[in-house]
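Undergrad: My numbering applies: residue 16 is where the first sequence begins, and numbers increase by one.
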Amino acid sequence: MKGTFEPSLLEGALYAEWESSGHFAPAGNGRPFCIAIPPPNITGRLHLGHAFQHTLMDALIRYQRMKGRQALWQMGTDHASIATQMIVERQLAADGISRDAIGREEFVNRVWEWRDRSGGEISQQLRRMGSSLDWSRDRFTMDEGFCTAVNEVFVRLYEDGLIYKRKRLVNWDPVLKTAVSDLEVDNVDEQGHLWRIRYPLNGVLTSSGADHVVVATTRPETMLGDTGLAVHPDDPRYRGLIGARARLPLVDREIPIVADPHVDPEFGTGCVKVTPAHDFNDHAVGERHDLACINILNADASINDNAPAAYRGMDRMEAREAVVANLTRLDLLESVEPHALTVPRGDRSGAVLEPWLTDQWWVDVKPLAEPAIEAVRDGRIRFVPRQYENMYFAWMRDVQDWCISRQLWWGHRVPAWYDSQGNVYVGRNESEARNKGGVPDGTPLTQDADVLDTWFSSALWTFATLGWPEQTRELERFHPTDVLVTGHDIIFFWVARMIMMTLRFTGDVPFRTIYTHGLVRDAHGAKMSKTKGNVLDPLDIVDGISLEDLIAKRTADLTQPQMAAAIEAATRADFPDGIRAYGTDALRFTYCALASPHGRDVNLDLGRIDGYRNFCNKLWNATKFVLMHVDGDDADSPAPLGLADRWIRSRARRLIEDVERAIGEYRFDLYANAVHEFAWREYCDWYVEFTKPALWRNEEDAQAARAARRTLLAILDVLLRVAHPLIPYITETLWREARAASGQTPGTIMLDPFPQADDLEHDAEAVASIEWLKAVVVGIRNIRGEMGIASRVGIDLIFQAGDATDRERLRTAESLLRRMAGVESITWLTADEDAPPAAVQVVGNLKVLVPLAGLIDIDQECERLRKTISRFERDLARSRGKLGNENFVTKAPAAVVEKERDKVRDLETKLATMREQLARLNAAP
RNA sequence: GGGUGUUUAGCUCAGUUGGGAGAGCGACGGCCUUACAAGCCGUAGGUCGCAGGUUCAAGCCCUGCAACACCCA
Numbered sequence: 016m017k018g019t020f021e022p023s024l025l026e027g028a029l030y031a032e033w034e035s036s037g038h039f040a041p042a043g044n045g046r047p048f049c050i051a052i053p054p055p056n057i058t059g060r061l062h063l064g065h066a067f068q069h070t071l072m073d074a075l076i077r078y079q080r081m082k083g084r085q086a087l088w089q090m091g092t093d094h095a096s097i098a099t100q101m102i103v104e105r106q107l108a109a110d111g112i113s114r115d116a117i118g119r120e121e122f123v124n125r126v127w128e129w130r131d132r133s134g135g136e137i138s139q140q141l142r143r144m145g146s147s148l149d150w151s152r153d154r155f156t157m158d159e160g161f162c163t164a165v166n167e168v169f170v171r172l173y174e175d176g177l178i179y180k181r182k183r184l185v186n187w188d189p190v191l192k193t194a195v196s197d198l199e200v201d202n203v204d205e206q207g208h209l210w211r212i213r214y215p216l217n218g219v220l221t222s223s224g225a226d227h228v229v230v231a232t233t234r235p236e237t238m239l240g241d242t243g244l245a246v247h248p249d250d251p252r253y254r255g256l257i258g259a260r261a262r263l264p265l266v267d268r269e270i271p272i273v274a275d276p277h278v279d280p281e282f283g284t285g286c287v288k289v290t291p292a293h294d295f296n297d298h299a300v301g302e303r304h305d306l307a308c309i310n311i312l313n314a315d316a317s318i319n320d321n322a323p324a325a326y327r328g329m330d331r332m333e334a335r336e337a338v339v340a341n342l343t344r345l346d347l348l349e350s351v352e353p354h355a356l357t358v359p360r361g362d363r364s365g366a367v368l369e370p371w372l373t374d375q376w377w378v379d380v381k382p383l384a385e386p387a388i389e390a391v392r393d394g395r396i397r398f399v400p401r402q403y404e405n406m407y408f409a410w411m412r413d414v415q416d417w418c419i420s421r422q423l424w425w426g427h428r429v430p431a432w433y434d435s436q437g438n439v440y441v442g443r444n445e446s447e448a449r450n451k452g453g454v455p456d457g458t459p460l461t462q463d464a465d466v467l468d469t470w471f472s473s474a475l476w477t478f479a480t481l482g483w484p485e486q487t488r489e490l491e492r493f494h495p496t497d498v499l500v501t502g503h504d505i506i507f508f509w510v511a512r513m514i515m516m517t518l519r520f521t522g523d524v525p526f527r528t529i530y531t532h533g534l535v536r537d538a539h540g541a542k543m544s545k546t547k548g549n550v551l552d553p554l555d556i557v558d559g560i561s562l563e564d565l566i567a568k569r570t571a572d573l574t575q576p577q578m579a580a581a582i583e584a585a586t587r588a589d590f591p592d593g594i595r596a597y598g599t600d601a602l603r604f605t606y607c608a609l610a611s612p613h614g615r616d617v618n619l620d621l622g623r624i625d626g627y628r629n630f631c632n633k634l635w636n637a638t639k640f641v642l643m644h645v646d647g648d649d650a651d652s653p654a655p656l657g658l659a660d661r662w663i664r665s666r667a668r669r670l671i672e673d674v675e676r677a678i679g680e681y682r683f684d685l686y687a688n689a690v691h692e693f694a695w696r697e698y699c700d701w702y703v704e705f706t707k708p709a710l711w712r713n714e715e716d717a718q719a720a721r722a723a724r725r726t727l728l729a730i731l732d733v734l735l736r737v738a739h740p741l742i743p744y745i746t747e748t749l750w751r752e753a754r755a756a757s758g759q760t761p762g763t764i765m766l767d768p769f770p771q772a773d774d775l776e777h778d779a780e781a782v783a784s785i786e787w788l789k790a791v792v793v794g795i796r797n798i799r800g801e802m803g804i805a806s807r808v809g810i811d812l813i814f815q816a817g818d819a820t821d822r823e824r825l826r827t828a829e830s831l832l833r834r835m836a837g838v839e840s841i842t843w844l845t846a847d848e849d850a851p852p853a854a855v856q857v858v859g860n861l862k863v864l865v866p867l868a869g870l871i872d873i874d875q876e877c878e879r880l881r882k883t884i885s886r887f888e889r890d891l892a893r894s895r896g897k898l899g900n901e902n903f904v905t906k907a908p909a910a911v912v913e914k915e916r917d918k919v920r921d922l923e924t925k926l927a928t929m930r931e932q933l934a935r936l937n938a939a940p
């Protein structure tokens, strides 16, 4: 094995080979295991959040594949109706083309062209992350089969009365000129104003004798559509006015004053204007009191002809100024003051949304929600972590009807047709609609112009990707899928709707477990956004990027170009040297290590990635070491295992057990930590060092050397396979080298069985002996470190006291001890023999003495001893205190009490030894 | 306003039916020890947000408060 660890040299070629060999497709006869990828939008590039999610899914898939299951990771992409249409429109606009100019058909063609270009980029990024997706089954939410599924679902829900068309208030985006669902509304706290306006009364006076009432509003322009005033029925200020009439200023319309218990007497003056056509609450009030509903807005939120001529054609904000100016002129404006309010904005366009009365298609969600709630309640679907279940229940219990039509061109067109009288015919296609409606062939029908909400199609994801509505083999085999890995931000958008639709149409759940992870944030915990200029492309971490390129990337195409300077400064501060090439494995390992059990957000810190890249390097070098010593002959010639060999096998067994448990609980952090800890702290730091004496004395003890070589190789093999789901590239590379070195023809680690704990025996005696040895070695190193004894200086070690076990352990481990602690000679004294002045460590009943002569400063050692003694004294006092407490002794479990007694005995022994040693040193010349 | 979560070492975070406070990074000191300086050896550092309560025993359970984050209205 040559060279150093260089991720870029091994990743690309390996993936291409895996893919072309067909290893990503499910194979074998094992129990099926399936994950459907949350389909990335075709709109853009993968971000760090995707990469995080895909790492976790790939780890699960690779693990299950190695466990022998038929593992399918279903690939696919989402057409992302609004987002995609916006992007393509923007690109056309840059060329001076408007969507209206080229027409619907041509526009949709352009989007398909764009999708064919852009979709490839996403797949390349997914491949670079090592994702073992089954590309041969790639799906798209607008491919032919998916369109069939969408129409099928629409028609069946319509026939069951769960889809209906109705004129209702919707959230209207006046920039995109489409309805959006409640979930697509961002409620943003903003600073605005509260205007108090006088509405003259018609023939009555208020209780205080005024000829008008004052109405407070944050949106004065909507008064053009007012059709009433409302007060609380118990509000004494207005009791006499209920049923009376007021005159609407500027419009000169007579409007009634009604009493409604939903009016908040505390807000403003306690008397509110009612605009049923432009406010959800007012709409409800209007319906309760039979008030007229006057729409004053056009689709672009300009004022329409239902308003007085003076305002027609004005934008709503312009109209607001005009209304306020005119009220002022008429002396009807009592006051205006700053006021904090919540403004509804479209999550895509950012535009202020208007409640607007339009014809839309709706899903009656309640009947779908009940079985979906039940599926989670009875445990057929499990959330990990658990707490998201509450959020899910809360939302589902109070779920509102879902507006699924969008006034867009890109998406699934609503499968409904109209004749010239406006009668509607719903069918899987035009001819079915015509037949079912009994419409003669000669009568022209026009299809509904609207498309469906993107989430309507993605709600069918798990079963439509497997072939539904046809009853395919894949559907039978892989559905329900096993686990959904997703962010908590789309539980309502997507997860809940998948559960509802899947239960309805397959009679089963879409998945058994929902693993929700947090969002990936930057190292400071800030949400990544293009506007803030703190986004990172996962591939820039994999491949590295220079500072200047990163700045250029972050400041390109900004919607707010004035931010460029600040973004550049922040980028320079965070990445003074740009980003080095960490490789995919290091990034993946970092993601797993940071995947917390609480599903909370992940702050991605380059320092962490750096550490895990070093870990990959460590694996590389460890393998290099092993292969330097291995020769193919060992494979078939067993040799009795030495102490260290038996110890590391016991440890490897525990590694497998720990990892199995961790992945079963979706504890990717524990998985990563277990691998890291074992590979570095046990295999490299101790076991590799233990083998060196044997390897170097090959001539004298060929058996021991062979046992060491075989164990080095066997455990490396286990380690690489255990780590493979996390870090696929380097493990595949090293595993092949290792297999080749032992004379085997390697296939792929991907399909090699995951190690089984039962193939490795636990040897309690070996573990105890090595733990003893480590305690002695660490004790000596501690003295070396604190006394500044260089490692090249050999030590003439003295053991004193101790028992037969200590002697036996020294006998079996002496050569290891000499090597690990730099020991020249070992002398064993009985407890009553005189030892020369020395620094001491106590291991059980055994004193480990490092003689001072020429090496150690007596005062320094005394100081060290005093420190240790006082620490032990504190511990001892606390333990004695506990044991002195009768309640503790009688009420605590016997095991706990006994443990405390052991501790006291141990501390007493150590303290006695150290005090004696201290006295001796103090007496020394 | 309602809900959920978080608060542990300088930083990022673990802490598994309540039983001796941990890791990584960073800091400090020492090492070019024949796999690895992307390394090796060692050291320091915490009133576990605050105040109560339950218990022989609380980072963990209960109550209240504070700060922060997110979801919903």
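The beta-carbon is built from N, C-alpha and C at its ideal position, and this holds for glycine as well.
With a cut-off of 8 Å on the beta carbons, I'd call Ala-285 and Tyr-253 a contact; round off their distance for me.
TA: According to the sequence provided, residue 285 is Gly. The question's Ala does not apply to it. The pair is a contact, with the Cβ atoms about 7 Å apart (cut-off 8 Å).
Undergrad: Please classify Pro-189 as buried or exposed, where buried requires at least 16 other C-beta atoms within 10 Å of its C-beta.
TA: With 16 or more Cβ atoms within 10 Å of its Cβ, Pro-189 is classed as buried.
Undergrad: Are there three or more Cβ pairs, one per stretch, closer than 8 Å when the region 889–904 is compared with the region 831–840?
TA: No, the region 889–904 does not touch the region 831–840.
Undergrad: Could you tell me if Asp-673 is buried or exposed, where buried requires 16 or more neighbouring beta carbons within 10 angstroms of its beta carbon?
TA: When all chains shown are included, Asp-673 counts as buried.
Undergrad: Could you pull the start and end residues of the alpha helix (DSSP H) that Arg-397 belongs to?
TA: Per DSSP, Arg-397 belongs to no alpha helix (DSSP H); it is in the beta strand (DSSP E), 397–399.
Undergrad: In chain order, what residues of the same chain lie with their CB nearer than 6 Å to the CB of Thr-461, ignoring the 5 residues before and after it?
TA: Counting only Cβ-Cβ distances below 6 Å, and skipping sequence neighbours, we find Tyr-433.
Undergrad: Three or more beta-carbon pairs under 8 Å between the region 228–245 and the region 265–283, yes or no?
TA: Output reads yes: the region 265–283 touches the region 228–245.
Undergrad: Are Ala-390 and Ile-311 touching if we call contact CB-CB under 8 Å?
TA: No.
Undergrad: So is Arg-696 buried or exposed if we call it buried at 16+ other beta carbons inside 10 Å?
TA: With fewer than 16 Cβ atoms within 10 Å of its Cβ, Arg-696 is classed as exposed.
Undergrad: Using DSSP with H/G/I as helix, E/B as strand and the rest coil, what is Gln-106?
TA: If DSSP states are grouped into helix, strand and coil, Gln-106 belongs with the helices.
Undergrad: Between the C-alpha atoms of Val-858 and Arg-80, what's the straight-line distance to the nearest angstrom?
TA: Distance between the alpha carbons of Val-858 and Arg-80: 46 Å.
Undergrad: Less than 8 Å between the CB atoms is what I'm expecting for Thr-501 and Thr-469, so what's the real figure, rounded?
TA: Contact flag wrong, Cβ pair sits at about 16 Å.
Undergrad: Near Ala-853, which residues of its chain fall below 7 Å by C-beta distance, leaving aside the five closest residues on each side in sequence?
TA: Closer than 7 Å at the Cβ level, and outside the excluded window around Ala-853, lie Ile-813, Leu-864, Val-865, Pro-866 and Leu-867.
Undergrad: DSSP three-state call for Cys-162: helix, strand or coil?
TA: Of the three classes helix, strand and coil, the one that applies to Cys-162 here is helix, per DSSP.
Undergrad: Taking just the CA atoms, how far does Ala-292 sit from Asp-684?
TA: Asp-684 and Ala-292: Cα-Cα distance of roughly 53 Å.
Undergrad: As a quick exercise: from Asp-847, Arg-443, Asn-450 and Val-466, pick the residue whose alpha carbon is nearest that of Leu-12.
TA: For residue 12 there is no data in the structure shown, the boundaries of the chain being 16 and 940.
Undergrad: Is Phe-604 closer than 8 Å to Tyr-78 when the C-beta atoms are compared?
TA: Contact: no.
Undergrad: Measuring CA to CA, which of Ser-146, Val-300 and Asn-202 is closest to Ala-74?
TA: Nearest of Ser-146, Val-300 and Asn-202 to Ala-74, Cα basis: Ser-146.
Undergrad: Exposed or buried, what is Asn-56 when buried is set at 16 or more other beta-carbons lying within 10 Å of its beta-carbon?
TA: Buried is the call here.
Undergrad: Closest to Leu-383 by C-alpha separation, out of Thr-517, Thr-19 and Ile-529, would be which residue?
TA: The residue with the shortest Cα to Cα distance from Leu-383 is Thr-517.
Undergrad: Just grab the DSSP bridge partners of Ile-969 for me.
TA: The structure shown does not extend to residue 969, since the chain is modelled only from 16 through 940, so no value can be given for it.
Undergrad: Leaving out the 5 sequence neighbours to the left and right, which residues in its chain are closer than 6 Å to Met-72 when beta-carbon positions are compared?
TA: Excluding residues within five positions, the ones whose Cβ falls inside 6 Å are Ile-50 and Val-500.
Undergrad: If you check the beta carbons only, do Trp-33 and Thr-763 fall under 8 Å apart?
TA: Result yes, Cβ atoms of Trp-33 and Thr-763 sit closer than 8 Å.
Undergrad: Short check: CB of Arg-879 to CB of Leu-775, under 8 Å?
TA: Contact flag unset, no.
Undergrad: Under three-state DSSP, which class holds Tyr-597?
TA: Reduced to three states, the DSSP call for Tyr-597 is coil.
Undergrad: Tell me which same chain residues have a C-beta within less than 6 Å of the C-beta of Ala-474, skipping the five on either side of it?
TA: Excluding sequence neighbours, Ala-474 sits near Arg-512, Met-513 and Met-516.
Undergrad: Roughly how many whole angstroms lie between the Cα atoms of Pro-373 and Ala-322?
TA: Checking the sequence shown, residue 373 turns out to be Thr, not Pro. Their Cα atoms are separated by approximately 18 Å.
Undergrad: Would you kindly report the start and end of the unbroken alpha helix (DSSP H) that includes Tyr-78?
TA: Counting along the chain, the alpha helix (DSSP H) containing Tyr-78 begins and ends at 63–81.
Undergrad: With DSSP as the reference, identify every bridge partner of Glu-369, one or two as the case may be.
TA: DSSP output for Glu-369 lists Trp-187 as bridge partner(s).
Undergrad: What's the call for Lys-542, buried or exposed, on a 16-neighbour Cβ count within 10 Å?
TA: Exposed is the call here.
Undergrad: Output the distance between the C-alpha atoms of Arg-335 and Phe-507, rounded to the nearest integer angstrom.
TA: Going from the Cα of Arg-335 to the Cα of Phe-507 covers about 35 Å.
Undergrad: Quick one: what does DSSP say Asn-56 is sitting in, helix, strand or coil?
TA: Asn-56 falls in the strand class under three-state DSSP.
Undergrad: If you follow the alpha helix (DSSP H) that Phe-683 is part of, which residue opens it and which one closes it?
TA: Per DSSP, Phe-683 belongs to the alpha helix (DSSP H) from 683–691.
Undergrad: What does a CB cutoff of less than 6 Å around Ile-178 pick up in its chain, not counting 5 residues either side in sequence?
TA: Closer than 6 Å at Cβ, skipping near neighbours: Leu-172 and Val-378.
Undergrad: Measuring only the C-alpha atoms, how far is Leu-534 from Gln-89?
TA: Their Cα atoms are separated by approximately 23 Å.
Undergrad: Do the CB positions of Arg-527 and Arg-397 come within less than 8 Å of each other?
TA: Yes. Within cutoff.
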